[in-house]
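A.B. asks: Protein chains in written order, with the numbering used here: chain A, 11 to 321; chain B, 18 to 135. Using N, Cα and C, we set each Cβ at its ideal position, and we do this for glycine too. Before I ask anything, let me first share the structure, which is written out below as C-alpha cells.
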Amino acid sequence: MQNHFDVILIGGGPAGLTAGIYLSRARLKTLILNEGTVGGQMVLTHEIANYPGVENINGYQLSNIMKKQAISFGCEVKSNIMIKDLVLDTTIKNVVLSDGTIYTSDSVILAPGGRSRTLNVEGEDLFKGKGISYCATCDGDFFTDKEIVVVGGGNSAFEESVSLCKYVSKATIVHQFDHFQAFQYAVDEAGNHEKINFIMESGIVAFHGNDKLESVDIKNLKTGEINNHKTDGVFIFIGYVPNTEFLTDKIKMNQWGEILVDNNMSTNIEGVYAAGDAIAKRYRQITTSVGEATIAAMAVSEYLHKRKSDI
Amino acid sequence: MLYTNLKHLETAADHAKVIGENENVMVICGRMGPMCIPVYGIAEEIENKYSHVQFFDMEFDNPESQVIRNLSEVKGFMGIPFTIYYKNGKVVKATSSIQTMEQVTSILNQEFGQLQKS
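In C-alpha cells form, the structure reads like this:
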C-alpha cells in the first residue's frame, strides 16, 4: 500500500500546494502530482506585490516556499510527470503515470491550472524561439528595429504590443473579431501609438521560413482571402486555457473545459474536489486559488473523516 | 543573478573550466522569465537522476554570457533560454526557448546516453 494515499492532488500550483499544506498538516497521507514545474502559472510571475503578508516577492520564490512548507508537513511532491490514465468514479481513485507507476487514493483534488493558448497552426512549433514568442519581456530585445506581428485582442496583446514598441520598428496587431476584448484605455494607448497598426477579422493560418521565421499567411476571416505578410517575428497573446483535456468524459465541465464545483469545491463525483484556475469562475488570482484550495482541503478532511467513521 | 537552485556560471572562465573538466554538461542561459523558468525547473528535477551530467545556468544579461550568445550554434535563435549541451567541451546540441521534459530528456538520452535502470 506504499502507493496508496488519503488524497492525491493533481496540480502543483498555488491551489495544489495550499491543499498539500493543509492536508499533510492534518496528517493525511498526501501526494501532489504535477505535470510541469511546481508553482504553475505563479512560478512564471516576475513580481507578486499583492499577496497578503508578503510585501514583494517573485513567483519562483513564493512557489519554492509553498513547496518547502508542504514537504515539511510530510506531503510528497512529484513534478514533471505525465498522467496517462485516471479513474475517478470508483471508491478508490486510480492515477496511472506514463512510466507505468500507479497511485491510488480515497479522494482527489483536481488543481491542474491553465496555460497560455497557442494558435495550433502548422509551423508554430518549428519557429518557436526562432521568430515566434509568447513573452515580450523575455524576447523583445531580439526584435530591435524589426517588424513584428502580435496576435490577440485582449489586454495582454495591447499592453505587450506597446511594451514591444521600445524595440521594434513596427507592430501589426492581428485580431479575429471586428472589436477588441481589451479595456478601452489599452486600446486607446495602442491605437494612438505611431508604430502600431491593425488587421481586423483576420488570423494567421501558416508560418513560413527556413532557419527562422520570415513570413506568415494572414487570412481575412470574412472574405477568405489569404495574404502573405513578411515579418521577423510573431508574438502570440490569445489568453489561457484550462489544463483539463485529460478530464474529458470523466468529470462535469462547462463548454470551456472548466471544472464545475459547488461551494465546498466538490465536483459531481463523490470524493473528487477541484480548486484553482481550472474551475469555472470569474477571477483568477493566486489568492483566489489559495482560498478555494483551503476550502477543498477542509472539505476533503471532513469527507475522509466521515467515511472512516461510517466503516 | 539567477535565483534558481542550479549551480550558476558567473564568468566565461567558469564556463570554460566546467565544459573542459566534465564530459557531459548542460547550460541554460536565460532570465527569470516564463520561458526560462520551466527549463530551470526541469533541470532541477532531473539533476540527481542524471548524475553523469552537470547542470548549470548562466544569466543571459551578464556580459560574460557572450561565450554562449556568440556560439555559431545559436545563430538565428530569437527566444530564451538558449540551452546548450556540451560533450567533451564541444557543443552537441542547442535549443531556443521553452522546452518540455520530454524534449530535454530526449536530448540528454541521445547525446549523453540512456539512464541505467536501477
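Do Asn238/A and Asp221/A count as a contact pair if the criterion is CB distance below 9 Å?
C.D. replies: No, they are not a contact pair.
A.B. asks: Excluding sequence positions up to five away, which residues of its chain have a Cβ less than 7 Å from the Cβ of Glu169/A?
C.D. replies: Excluding positions up to five away in sequence, the list reads Ala196.
A.B. asks: What are the start and end residues of each continuous beta strand (DSSP E) run of 3 or more residues lying completely inside the segment 40–73 of chain A, in chain order?
C.D. replies: The qualifying runs are 40–44.
A.B. asks: Helix, strand or coil: how does DSSP classify Asn13/A here?
C.D. replies: Residue state, collapsed to three classes: coil.
A.B. asks: Does any residue of chain B bring its CB to less than 9 Å from the CB of Ser225/A?
C.D. replies: No, no contact with chain B.
A.B. asks: Ignore the nearest five residues each way along the sequence and tell me which others in Ser166/A's own chain have a CB closer than 7 Å to its CB.
C.D. replies: These residues qualify, in order along the chain: Phe247.
A.B. asks: Are the C-beta atoms of Asn65/B and some chain A residue less than 9 Å apart?
C.D. replies: No - not a single Cβ of chain A is within 9 Å of the one on Asn65/B.
A.B. asks: Which of the three DSSP states, helix, strand or coil, is assigned to Ile261/A?
C.D. replies: DSSP places Ile261/A in coil when its eight states are reduced to three.
A.B. asks: Quick one: using the 10 Å Cβ neighbour count with 16 as the cut-off for buried, is Glu40/B buried or exposed?
C.D. replies: Per the 10 Å Cβ criterion, exposed.
A.B. asks: Could you tell me which residues DSSP puts in a beta bridge with Ser126/A?
C.D. replies: According to DSSP, Ser126/A bridges with Tyr250/A.
A.B. asks: Per DSSP, what are the beta-bridge partners of Val310/A in this structure?
C.D. replies: None; Val310/A has no bridge partner.
A.B. asks: At the level of alpha carbons, what is the spacing between Ile305/A and Leu38/A?
C.D. replies: Near 16 Å, if we compare the C-alpha coordinates of Leu38/A and Ile305/A.
A.B. asks: For the beta strand (DSSP E) containing Phe99/B, list its first residue and its last residue.
C.D. replies: Here the beta strand (DSSP E) through Phe99/B covers 99–104.
A.B. asks: When you compare each of Gln12/A, Thr128/A, Ile209/A, Gly110/A to Leu231/A by their alpha carbons, which one comes out closest?
C.D. replies: Leu231/A has its Cα closest to that of Ile209/A, out of Gln12/A, Thr128/A, Ile209/A, Gly110/A.
A.B. asks: Which residues bound the beta strand (DSSP E) around Ala30/B?
C.D. replies: Run containing Ala30/B: none in the beta strand (DSSP E); it sits in the alpha helix (DSSP H), 29–38.
A.B. asks: Would Met43/B count as contacting chain A if we go by Cβ distances under 9 Å?
C.D. replies: Closer than 9 Å: no.
A.B. asks: If we count the other Cβ atoms within 10 Å of its Cβ and call it buried at 16 or more, is Val64/A buried or exposed?
C.D. replies: Exposed: under 16 other Cβ atoms inside 10 Å.
A.B. asks: Taking 8 Å as the limit between beta carbons, can you name the residues of its chain near Glu132/A, skipping five residues before and five after?
C.D. replies: So the qualifying residues of the chain are Ala216, Phe217.
A.B. asks: Determine the contact status of Asn253/A and Gly21/A, defining contact as a CB-CB distance below 9 Å.
C.D. replies: Yes.
A.B. asks: Going straight from the alpha carbon of Leu26/B to that of Gly46/A, what length do you get?
C.D. replies: Computed Cα separation, rounded: 25 Å.
A.B. asks: Measure from the alpha carbon of Glu235/A to the alpha carbon of each residue in Gly243/A, Gly249/A, Ile75/A, Ile214/A, then state which is nearest.
C.D. replies: The candidate whose alpha carbon is nearest that of Glu235/A is Ile214/A.
A.B. asks: Flag this pair as yes or no: are the beta carbons of Met275/A and Ile119/A separated by less than 9 Å?
C.D. replies: Against a cut-off of 9 Å, the Cβ pair of Ile119/A and Met275/A comes out as a contact.
A.B. asks: Is any heavy atom of the ligand SAM found at a distance shorter than 8 Å from the C-beta of Lys318/A?
C.D. replies: Absence of the ligand SAM from the depicted structure is noted, as is the absence of any ligand whatsoever, leaving it without description.
A.B. asks: Taking the beta strand (DSSP E) that Gln71/B belongs to, which residues open and close that run?
C.D. replies: Start and end: 71–76.
A.B. asks: Cβ of Asn22/B less than 9 Å from any chain A Cβ?
C.D. replies: So, interface residue.
A.B. asks: What are the complete alpha helix (DSSP H) segments, minimum 4 residues, inside the segment 142–220 of chain A?
C.D. replies: Counting only runs of 4 or more, we get 146–149, 165–174, 194–201.
A.B. asks: If we count Cβ pairs, one from each stretch, closer than 8 Å, do we get three or more for the segment 288–299 of chain A versus the segment 80–98 of chain A?
C.D. replies: The answer is no - the segment 80–98 of chain A does not touch the segment 288–299 of chain A, with fewer than three Cβ pairs under 8 Å.
A.B. asks: Strictly under 9 Å for the Cβ-Cβ distance: is Thr182/A near chain B by that measure?
C.D. replies: Thr182/A does not count as touching chain B.
A.B. asks: To the nearest angstrom, report how far apart Gly49/A and Leu136/A are at their CA atoms.
C.D. replies: C-alpha separation (whole angstroms): 27 Å.
A.B. asks: Which term fits Val97/A, buried or exposed, when burial requires 16 or more other beta carbons within 10 angstroms of its beta carbon?
C.D. replies: When all chains shown are included, Val97/A counts as exposed.
A.B. asks: In the segment 289–314 of chain A, which residues sit with their C-beta less than 9 Å from some C-beta in chain B, listed in chain order?
C.D. replies: Here the close residues number zero.
A.B. asks: So who's on the other strand from Glu86/A, going by DSSP bridges?
C.D. replies: Note: Glu86/A sits in a beta bridge opposite Leu41/A.
A.B. asks: State the Cα-Cα distance for the pair Ser135/B and Gln127/B, rounded to the nearest angstrom.
C.D. replies: Residue placement at Ser135/B is poorly supported in this model, since its pLDDT is 48, which falls under 50; the coordinates are not used for a value here.
A.B. asks: Mind listing the chain B neighbours of Gln79/A? Cutoff is C-beta to C-beta under 8 Å, in chain order.
C.D. replies: None at all; the shortest Cβ gap to chain B is about 16 Å.
A.B. asks: Looking at the unbroken beta strand (DSSP E) that takes in Val106/A, where does it start and where does it end?
C.D. replies: Segment 103–107, the beta strand (DSSP E) holding Val106/A.
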